[in-house]
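This report refers to the structure that appears directly beneath it.
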Amino acid sequence: MKISKSPKCPICKKEEENVAHILWNCPSAMDVWSHASSSLQKCSIGSVKFSELVKALMSKCDQDTMALFAIIARNIWYRRNQFVFENSFIHPNALVKTARKTLEEFKASQEKPTTQNRRTAEINKIWQSPPSWVTKIN
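The sequence shown begins at 765 in this note's numbering and counts up one residue at a time.
Dropping the structure here:
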């Protein structure tokens, strides 16, 4: 593990490291965003605070696109840490592919059960008295 004394970005070594630079303005981040969906591809937003970037994207992107944005941003940060602490660097295409897979898995986990599954769950919720030989204590 190394701790840098330089305020410069550990990846491009050109600009001062801050959240907006690492996640959006760094050339390595731009490479990642160029592999993302068209609504998230690097647009001409200059040096802004990351919170301003998020607000701008929220005004024009749907919920799924914003979820993908959040996952990709998290993966870019994770890649930055892997580069700094493990000297490892994930290819932009692999990073975006992993983000898309993560989003699909999340969406699948949030799906509501089908009607038949709901009926089964409702049947299982009906209270039944315990057998006569069981003593139930609350």
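All residues carry an ideal CB built from backbone N, CA and C; glycine is no exception.
Partner residues in the beta bridge of Lys772, as assigned by DSSP, are Glu780.
Ranked by how close their Cα comes to the Cα of Leu832, the residues Pro791, Ile901, Ala800, Pro895 have Ala800 in first place.
Around the beta carbon of Trp797, 16 or more other beta carbons sit within 10 angstroms, so the residue counts as buried. In the three-state scheme derived from DSSP, where H, G and I count as helix and E and B as strand, Thr899 is classed as coil. Closest option to Trp841, judged by alpha-carbon separation, among Val898, Val860, Lys769: Val860.
Between the region 852-859 and the region 818-832 there are fewer than three C-beta pairs closer than 8 angstroms, too few to call the two in contact.
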